[in-house]
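What follows is a short report on a single structure.
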Amino acid sequence: MSTTEIIIIAAVAIVAYLIWTNRSRLAQVTKGFGSRTSVLDSYSRDLTAQARAGKLDPVINRKKEITRVIQILSRRTKNNPILLGEAGVGKTAIAEGLAQKIARGEIPSSLKDKRVLAINVSGMIAGTKYRGEFEGRLKKIMEEIRQAGRKIILFIDEVHVLLEAKGAEGAMDPSDILKPPLARGDLQAIGATTYQDYEKYIKPDESLERRFQPVIVNPPTIKMTIEILKGIASVYEKHHRVKYMPEALKAAAVLSEKYIKNRFLPDKAIDLIDEAAAKVRLKAVNLPNRIEKLEAEIIRLDQIHQNATSKRKKSLLDKKKVTRMKRVAELNIARDKDQNGTELPPVNADDIRDVLADWIGQPKNKITKTLQIK
Numbered sequence: 000m001s002t003t004e005i006i007i008i009a010a011v012a013i014v015a016y017l018i019w020t021n022r023s024r025l026a027q028v029t030k031g032f033g034s035r036t037s038v039l040d041s042y043s044r045d046l047t048a049q050a051r052a053g054k055l056d057p058v059i060n061r062k063k064e065i066t067r068v069i070q071i072l073s074r075r076t077k078n079n080p081i082l083l084g085e086a087g088v089g090k091t092a093i094a095e096g097l098a099q100k101i102a103r104g105e106i107p108s109s110l111k112d113k114r115v116l117a118i119n120v121s122g123m124i125a126g127t128k129y130r131g132e133f134e135g136r137l138k139k140i141m142e143e144i145r146q147a148g149r150k151i152i153l154f155i156d157e158v159h160v161l162l163e164a165k166g167a168e169g170a171m172d173p174s175d176i177l178k179p180p181l182a183r184g185d186l187q188a189i190g191a192t193t194y195q196d197y198e199k200y201i202k203p204d205e206s207l208e209r210r211f212q213p214v215i216v217n218p219p220t221i222k223m224t225i226e227i228l229k230g231i232a233s234v235y236e237k238h239h240r241v242k243y244m245p246e247a248l249k250a251a252a253v254l255s256e257k258y259i260k261n262r263f264l265p266d267k268a269i270d271l272i273d274e275a276a277a278k279v280r281l282k283a284v285n286l287p288n289r290i291e292k293l294e295a296e297i298i299r300l301d302q303i304h305q306n307a308t309s310k311r312k313k314s315l316l317d318k319k320k321v322t323r324m325k326r327v328a329e330l331n332i333a334r335d336k337d338q339n340g341t342e343l344p345p346v347n348a349d350d351i352r353d354v355l356a357d358w359i360g361q362p363k364n365k366i367t368k369t370l371q372i373k
């Protein structure tokens, strides 16, 4: 091999290494390449496209809020909803529900063919340390939305983060970039924030407040949460390869509301069924270890049976024989499950209590078994 060939191979290897180590950054740069909204595509997620691809979770018990959002979006002026509710009550789910309705064609003609894009505010702000850099990104996004011909609905979760974001000293205020396109109707947006942040960042700016129409998103009741869990259970069952028992879903809603006070439904109940399923699945993965232990136990009992000959041990042997028969039965069941792999492990109310006990740092026996809905 010549020196030139060695140099070429080394250069190719270096380039390949650089591409591999910077693949995530390259993916961000090339996302949306060739698109009319390339900058926007780089910092957003197309909820409508995900809805058409079936990648969004079902939205349950939010018909009233979604209908109100559609009504506001259909207005001629001041047609920008802002979802107000505590973290975890399901504000993002309402935007996803809108995207699903657009994908199914269940919306007024004025909203047909529109794209709901969820902007990644943190991604936009990241790395913008020089004066005007963040503002430049925001202006490019506003221009791309304008050029798209009002076919984009921008979902801005935690909109207060965008409004309070500042570039270098002396840079333009983000709200001053948003207000003109909102006033002209070039930008149609759905904001989402908490009551506290709305009072702090949006209400003091009267011109900005006028552009947004509040939609209150209250936490669902326990009964509504159970319905939500039933609606999304199949998604988590498919992911974890488990089967939720009805009492597990009820326990997640009732117990999370009773014991977890610093969070809101349905988010805390969803997290409970998610982690409980992960824990149950992990036990199922460890099934071969259980088979080995059962086999070892049977061998030990057989040895006791062979070594014991005196009448004095007969009563003990009878008990060991019964125990052995139970272990053999358990072993056969475990082997069948391991070989077939078709029976999904169940997630029951006891599994929910296990996870909850870990969360709150209390013994499991201190957690009530009563699942009364108030």
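Position one of the sequence shown corresponds to residue 0 (numbering that gives the first Met the number 0), numbered consecutively onward.
Where a beta carbon is used, it is the ideal one built from N, C-alpha and C, also for glycine.
In this text, all values refer to a predicted model and were calculated from it rather than measured experimentally.
Delimiting residues of the alpha helix (DSSP H) encompassing residue i
i, result
"residue 145", "132-146"
"residue 43", "Element bounds for residue 43: not the alpha helix (DSSP H) but the beta strand (DSSP E), 43-45."
"residue 175", "173-183"
"residue 270", "266-284"
"residue 230", "221-239"
"residue 251", "245-258"
"residue 64", "62-72"
"residue 352", "348-359"
Where residue i falls, given that 16 or more other Cβ within 10 Å makes a residue buried
i, result
"residue 159", "buried"
"residue 2", "exposed"
"residue 47", "buried"
"residue 96", "buried"
"residue 72", "buried"
"residue 265", "buried"
"residue 90", "buried"
"residue 101", "buried"
"residue 281", "exposed"
"residue 298", "exposed"
"residue 221", "buried"
"residue 188", "buried"
"residue 225", "buried"
Alpha-carbon to alpha-carbon, residue j and residue i
i, j, result
"residue 283", "residue 345", "10 Å"
"residue 369", "residue 206", "51 Å"
"residue 68", "residue 214", "7 Å"
"residue 42", "residue 122", "6 Å"
"residue 347", "residue 365", "18 Å"
"residue 99", "residue 51", "7 Å"
"residue 26", "residue 38", "Low per-residue confidence applies at residue 26: pLDDT is 49, beneath 50, and the placement is therefore not dependable enough to give any value."
"residue 360", "residue 259", "11 Å"
"residue 356", "residue 250", "13 Å"
"residue 167", "residue 81", "Its pLDDT being 49, under 50, residue 167 is placed unreliably by the model, and nothing is read from it."
"residue 13", "residue 63", "57 Å"
"residue 28", "residue 367", "In this prediction, residue 28 scores a pLDDT of 45, lower than 50, which makes its location untrustworthy; no coordinate-derived value is stated."
"residue 296", "residue 103", "58 Å"
"residue 155", "residue 6", "50 Å"
"residue 107", "residue 65", "13 Å"
"residue 245", "residue 371", "14 Å"
"residue 233", "residue 227", "11 Å"
"residue 376", "residue 358", "The structure shown has nothing for residue 376, since the chain only spans 0 to 373."
"residue 4", "residue 18", "21 Å"
"residue 204", "residue 49", "34 Å"
Whether residue i touches residue j by CB criterion (8 Å)
i, j, result
"residue 79", "residue 181", "yes"
"residue 216", "residue 115", "no"
"residue 268", "residue 255", "yes"
"residue 186", "residue 153", "yes"
"residue 147", "residue 117", "no"
"residue 202", "residue 208", "yes"
"residue 210", "residue 77", "yes"
Chain-order list of residues whose beta-carbon lies under 7 Å from that of residue i (same chain, five-residue window excluded)
i, result
"residue 112", "150"
"residue 157", "120, 191 and 192"
"residue 164", "124, 133 and 173"
"residue 10", "none"
"residue 223", "60"
Limits of the beta strand (DSSP E) - the one that residue i falls within
i, result
"residue 114", "114-118"
"residue 213", "211-215"
"residue 153", "151-156"
"residue 80", "79-83"
"residue 191", "187-192"
Cβ-based neighbour list, residue i, same chain, cut-off 8 Å, excluding 5 preceding and 5 following
i, result
"residue 92", "56, 58 and 61"
"residue 343", "236, 240, 241 and 242"
"residue 351", "247, 250, 251, 254, 271, 272 and 275"
"residue 278", "350, 353 and 354"
"residue 141", "176, 177, 180, 185 and 186"
"residue 231", "56, 57, 59 and 269"
"residue 183", "none"
Sequence-distant residues of the same chain with beta carbon closer than 6 Å to residue i, five excluded per side
i, result
"residue 144", "151 and 186"
"residue 263", "85, 87, 88 and 218"
"residue 83", "194, 197, 213 and 215"
"residue 44", "117"
"residue 136", "123"
"residue 109", "73"
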